[in-house]
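J.:
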Amino acid sequence: MVSLIVPDSRNSGLPLVNSSWQVPAILAIYLLTVLKIGPRFMENRKAYDLKNVIWSYNLFQIVANGALFLAE
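Residue numbers (our numbering): 684 to 755.
#1: Cα separation between residue 701 and residue 737?
#2: Under a three-way DSSP split, which group does residue 721 fall into?
#3: Cβ atoms of residue 699 and residue 706: under 8 Å apart, would you say?
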């Protein structure tokens with residue numbers, strides 16, 4: 684059955700498509716960073732104040748989505 688599946692040739696140059704090890708490797712690195720490295724890095728530090736960064740990002744997303752909506 685697997686040999687009957689023909690992959691779409693348009694996807695051949697895209698990242699994360701040609702190999703089966705890339706996605707699990709990225710997931711493992713992400714989980715290692717979030718669960719082990721990040722907490723150890725922040726254990727003696729004050730939490731970052733990201734309020735202005737998040738506000739700016741959200742404003743940018745609103746403007747960009749509005750521009751894309753109006754361009755249609």
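Yeah, the Cβ is synthetic: ideal placement off N, Cα and C, and Gly gets one too. None of the values given here were measured: they were computed from a predicted structure.
T.: Let's see:
#1: Residue numbering aside, residue 701 sits at position 18 when the sequence shown is read from its first letter. Residue numbering aside, residue 737 sits at position 54 when the sequence shown is read from its first letter. Taking the straight line from one Cα to the other gives about 35 Å.
#2: On the sequence shown, position 38 is the one that residue 721 refers to. Looking at residue 721 - three-state DSSP - the assignment turns out to be helix.
#3: By one-based count along the sequence shown, residue 706 stands at place 23. By one-based count along the sequence shown, residue 699 stands at place 16. Yes.
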